[in-house]
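For reference, the structure is listed below as structure tokens.
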Amino acid sequence: MIPTDDATSPENKAATAAELKDYFCPFCNHKLFRGRVKEFKLVCQECNKLVDSSTLNQPPELPDKENQEPSV
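If you count by my numbering, then the sequence shown holds residues 982 to 1053, one letter each, in order.
And the structure:
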């Protein structure tokens, strides 16, 4: 009988894969990598744009309502 390693058991592999997150480029939607990180800065291999995790979760800036023309 071959001894099984707890790190390679099917139950452990499923739990590990569930904890990983896929990261995608916000510009071209190309998959950047899979993992668990707090922050990252890298260049997308597909569109060659810098992807910075500190700017990904910020809501887009809305235009000032004072400077908008009234809608008809």
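Heads up, the beta-carbon is just placed ideally off N, CA and C, and yes, glycines get one too.
query                                                                                                                                       : result
Output the distance between the C-alpha atoms of Q1026 and C1009, rounded to the nearest integer angstrom.                                  : 10 Å
For K1022, which residues in the same chain have their Cβ closer than 6 Å to its Cβ, ignoring the five residues on either side in sequence? : D1033
I need the DSSP call for L1037, collapsed to helix, strand or coil.                                                                         : helix
L1001: which of L1031, C1028 and V1018 sits nearest, CA to CA?                                                                              : V1018
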